[in-house]
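Some notes on the structure that comes next.
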Amino acid sequence: MKSLVPHLRDKKSAAATLGRPLRRHLGEKVIEAGLFLAAFSAVAVTLAIIVILVKESIPFFAHVPLGDFLTDRQWTPLFDDAHFGILPLLAGTMTTTAVAVGVAIPLGLIIATYLSEFATPRVRELVKPILELLGAVPTVVFGYFALVMVTPLLQKLYPELPGFNMLAAGLVMGLMIIPTVSSVSEDAMRAVPMQLREGAYAMGATRLRTAITVVMPAAFSGLAAAFILGISRAVGETMIVAIAAG
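So the working numbering is basically just the index in the sequence shown, starting at one, shifted up by 959.
In structure tokens form, the structure reads like this:
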């Protein structure tokens, strides 16, 4: 009997050893299936949105010719003589986006350069979370800020400016996307290797010259991503434009 005990123990250990790869393989399959479902869900939702938009637009284009939709300069769907031209909507979107980008990209890049190249670690640790927190402010707050605060200030400078205008909406949209542009740009500039900066300093370059001629070109892909994120958020913004521009 005593001689059988080690033999049984060897069998149990061998079975346990064989069972571990099986459990690991099963776990990997479950994780793989979960990841596939997550990826498939994202694609399926996007495709569902496209299908619904196409399906719902078919009755619309049955009553409104596509040529009128693309070329008409009026958008008056509630009038008796209804017009459904998309040009005014595109023009308004492009105008407010241009104003917002003109505000956000220069200021965001300046803030990112300061935080990356000039700010002390303590200042960076204080300012960066505040910037990221500002990016989470609801857009309806920015919209009413544009209507109640910015528009009256602009009307003092330009008395003929109407109460609902695209200038106020564009300026406040620019303020809204500054945190996105500055935060992503700062991350990209901080990722540039310190050796590049040290080489520029060794050649006698100042911090500002190093930031402009060395760091920014090296971080170009990250800066481009920051600008694209900011522009896409400005293009997709509706609440500020609806409140401030009417």
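Quick reminder that beta carbons are idealized off the backbone N, C-alpha and C, glycines included.
According to DSSP, T1035 shares a beta bridge with H1042.
The closest CA to that of S1191, considering only T1139, Q1033 and G1102, is found on T1139. Beta-carbon to beta-carbon, V1060 and A1193 are separated by about 6 angstroms, close enough to satisfy the 8 angstroms threshold.
The continuous alpha helix (DSSP H) containing S1144 extends over residues M1125 to R1149. A contact is defined here as three or more CB-CB pairs under 8 angstroms, and the region 1140-1160 meets this definition with respect to the region 1061-1073. Per the C-alpha coordinates, the member of I1070, L1155 and L1046 positioned closest to T1035 is L1046. Under the criterion of beta carbons closer than 8 angstroms, F1101 and I1199 qualify as touching, at roughly 5 angstroms. In the structure shown, M1162 falls within a coil segment according to DSSP collapsed to helix, strand and coil. Relative to R1156, the option among V1062, S1144, L1025 and I1171 whose CA is nearest is I1171. Secondary structure of G1122 (DSSP, three-state): coil.
Cβ-Cβ separation between T1197 and M1125: approximately 13 angstroms, too far for a contact (criterion under 8 angstroms). The Cβ-Cβ distance between A1178 and A1201 does not fall below 8 angstroms. Here DSSP, grouped into helix, strand and coil, assigns P1024 to coil. Counting the other Cβ atoms within 10 Å of the Cβ of T1110 gives 16 or more, which makes it buried. Sequence-distant partners of L1112 (beyond 5 residues in either direction) whose C-beta falls short of 6 angstroms from its own C-beta are missing from its chain. Distance from the Cα of T1052 is smallest, within the candidate group G1129, S1180 and M1162, for G1129. DSSP places T1079 outside both helix and strand once states are collapsed to three, so it counts as coil. Counting only the Cα atoms, Y1073 lies some 30 angstroms from V1099. Residue environment: V1010 is assigned as exposed (fewer than 16 neighbouring CB atoms within 10 Å of its CB, all protein chains considered).
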